[in-house]
Amino acid sequence: MTTFQRPVTLVTGATGGIGMALARALAGTHDLILQGRGGERLDSLCAEVGGRPLSLDLTRPETFAPALADLGRVTNVVHNAGVVELGAVAEQEHPAWTHTLAVNVVAPAELTRLLLPRVREERGTLVFVNSGAGLRANPGWASYAASKFALRALADALREEEAPHGVRVSTVYPGRTATPMQQSVRAQEGGAYQPDAYIAPETVAATLRFVLEAPRDAVLTDVTVRPGGR
2 MTTFQRPVTL VTGATGGIGM ALARALAGTH DLILQGRGGE RLDSLCAEVG
52 GRPLSLDLTR PETFAPALAD LGRVTNVVHN AGVVELGAVA EQEHPAWTHT
102 LAVNVVAPAE LTRLLLPRVR EERGTLVFVN SGAGLRANPG WASYAASKFA
152 LRALADALRE EEAPHGVRVS TVYPGRTATP MQQSVRAQEG GAYQPDAYIA
202 PETVAATLRF VLEAPRDAVL TDVTVRPGGR
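Counted the way the working numbering counts, the sequence shown spans residues 2 to 231.
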């Protein structure tokens with residue numbers, strides 16, 4: 002990457018709460034490729050921030066290579082997309098596990114594999130948006146926590162593998178964040194959704210931007226972001 006080229010940053014799950022906040026935070030300083038399932042929401046966000054839409058079904062990794070073929074440069078990848086379905090191990094059947102692991106682990110692994118040649122060429126950064134569930138598994142959270150523990154393992158192994166290529170790999174662990182996903186989680190838990198008690202998505206986005214733009218003499222391997230007092 003020359004000094005005259007802006008970084009090209011690909012963000013998955015761009016139409017979610019954190020993804021949308023990150024796209025807005027990076028607009029104007031990064032060229033953006035914004036992944037979603039397509040549709041008006043993704044098109045509207047791309048029009049707002051000057052991003053390029055990337056329509057992908059993250060449960061179908063066999064479709065990734067053709068969709069990525071003409072992307073051109075990619076400096077950074079932020080693996081932000083994720084799904085969560087709560088349930089006890091004794092009650093949650095295999096489709097929930099398969100879907101959760103496909104979106105939260107298999108898709109990031111395959112996207113990383115396909116995009117690594119571009120990221121290596123740019124000496125870029127891969128960021129995995131994890132969760133507090135990637136550090137501790139609580140009752141009812143087995144499938145989601147298992148996927149986030151696996152995502153942490155993916156990032157840790159990748160960091161060591163890619164260090165010789167000048168690629169930085171970071172994991173960010175946000176606590177409960179005021180997003181539509183959190184609203185869905187609270188409904189599954191049978192509790193009230195209180196956005197003022199959670200981290201603002203813009204705060205997580207600012208953290209992710211700092212990780213991406215940190216000076217080259219440092220790699221922020223693991224960053225935990227927890228709700229603070231207000």
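Ideal Cβ positions, reconstructed from N, Cα and C, are used throughout, including at glycine.
Other residues of its chain near residue i: CB distance less than 6 Å, five sequence neighbours each side excluded
{"i": "residue 124", "result": "167"}
{"i": "residue 69", "result": "115"}
{"i": "residue 143", "result": "90"}
{"i": "residue 146", "result": "134, 138"}
{"i": "residue 220", "result": "169"}
Other residues of its chain near residue i: CB distance less than 8 Å, five sequence neighbours each side excluded
{"i": "residue 100", "result": "60, 84, 86"}
{"i": "residue 6", "result": "74"}
{"i": "residue 174", "result": "131, 132, 133, 135, 136, 223, 224, 225, 226"}
{"i": "residue 42", "result": "16"}
{"i": "residue 66", "result": "115"}
Neighbour-count burial assignment, residue i, 16 or more Cβ in a 10 Å radius
{"i": "residue 118", "result": "exposed"}
{"i": "residue 32", "result": "buried"}
{"i": "residue 211", "result": "exposed"}
{"i": "residue 50", "result": "buried"}
{"i": "residue 9", "result": "buried"}
{"i": "residue 217", "result": "exposed"}
{"i": "residue 202", "result": "buried"}
{"i": "residue 15", "result": "buried"}
{"i": "residue 29", "result": "exposed"}
Own chain, CB closer than 7 Å to residue i, minus 5 neighbours either side, in chain order
{"i": "residue 206", "result": "19, 22, 23, 26"}
{"i": "residue 38", "result": "56, 58"}
{"i": "residue 208", "result": "173, 224, 226"}
Minimum Cβ-Cβ distance from residue i to chain B less than 8 Å
{"i": "residue 71", "result": "As a matter of chain content, chain B is missing from the structure shown, which is built from one protein chain."}
8 Å contact criterion, which residue i and residue j should meet: CB distance rounded
{"i": "residue 78", "j": "residue 116", "result": "6 Å"}
{"i": "residue 35", "j": "residue 54", "result": "6 Å"}
{"i": "residue 176", "j": "residue 140", "result": "Between residue 140 and residue 176 the Cβ distance is about 18 Å, and since that is not below 8 Å, they are no contact."}
Residue i Cβ short of 7 Å to the ligand NAP heavy atom set
{"i": "residue 205", "result": "This structure simply doesn't include the ligand NAP, nor any ligand for that matter."}
Are three or more beta carbon pairs between the segment 109–122 and the segment 154–164 nearer than 8 Å?
-> Yes, since at least three Cβ pairs between the segment 109–122 and the segment 154–164 fall closer than 8 Å, the two stretches touch.
Decide yes or no for the touch test of the segment 177–187 against the segment 81–98: beta carbon pairs closer than 8 Å, at least 3 of them.
-> yes
Quick one: complete alpha helix (DSSP H) runs, 4+ long, within the segment 54–103?
-> 65–69, 95–102
Validate contact between the segment 144–151 and the segment 193–212 using beta carbons, cut 8 Å, 3 pairs | Contact fails: fewer than three Cβ-Cβ distances are below 8 Å.
Which whole runs of the beta strand (DSSP E) in the segment 158–196 are 3 residues long or more, in chain order?
-> The beta strand (DSSP E) runs lying completely inside the segment 158–196 and spanning 3 residues or more are 169–175, given in chain order.
For the segment 117–159, which segments carrying the beta strand (DSSP E) assignment without a break, of at least 3 residues, lie completely within its bounds, in sequence order?
-> For the segment 117–159, whole beta strand (DSSP E) runs of length 3 or above, ordered along the chain, are 126–130.
Length-filtered (3 minimum) beta strand (DSSP E) runs lying within the segment 4–30 | 9–12
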